[in-house]
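For the sequence shown, numbering that gives the first Met the number 0 gives the first residue as 0, with consecutive numbering after it. The beta carbon of each residue, even a glycine, is placed where N, CA and C say it ideally should be. Quantities reported herein were computed from a predicted structural model and do not represent experimental measurements. This report concerns only the one structure given below.
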Amino acid sequence: MNKAKTAALYSAVIFPGAGQVWLKCWLTGVPFILGTVYAVYLLLDVIFSIAFKVVDQIQSGQVSLNPLSIHEAISYEIAHTSGLLTSLPMIILVSLWLLSIADAYRVGRTQDKQSAE
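The following block contains the structure:
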């Protein structure tokens with residue numbers, strides 16, 4: 000398998016930026032990795048804030064310890080959380096992932112052409 004396909008697969012399957020790192024393109028790989036880590040952090044922050052709100056409601060007795068009641072409380076919190084808080088990290092994450100795959104393929108193809116000459 001050539002470098003372009005291998006690097007694109009690394010960025011697609013392992014982690015965004017992994018293909019660039021495998022190609023030793025640190026200046027493009029590390030920002031993809033850091034951006035992805037930040038997007039995951041933002042997403043986890045929203046998830047944990049919702050979880051802590053539901054836990055507080057359970058501890059105060061507002062929500063019973065019934066799985067259906069917990070599910071309803073989680074659904075309510077998700078519905079009343081700003082859509083931007085949840086959609087923006089996902090948009091960033093998916094965009095970085097796709098850009099990383101395309102960039103890894105592009106850089107790998109360039110290196111393949113250079114090694115063929």
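Within the segment 9-82, no run of beta strand (DSSP E) reaches 3 residues while sitting entirely inside it.
Looking only at Trp25, Pro30 and Ser48, the smallest Cα-Cα distance to Ile73 is reached by Ser48. Sorting Val53, Ala38 and Ala6 by C-alpha distance to the C-alpha of Leu95 places Ala38 at the top. In this structure, the alpha-carbon of Leu97 lies about 8 Å from that of Ala11.
Here the segment 0-16 lies against the segment 24-43, with 3 or more beta-carbon pairs under 8 Å apart. For Met0, the three-state secondary structure derived from DSSP is coil.
Rounded to the nearest whole angstrom, the CA to CA distance from Ile77 to Ile57 is 16 Å. The beta carbon of Val53 sits closer than 8 Å to the beta carbons of Val62, Ile69, Ala72, Ile73 and Glu76 from its chain, once the five residues preceding and following it are set aside; these are given in chain order.
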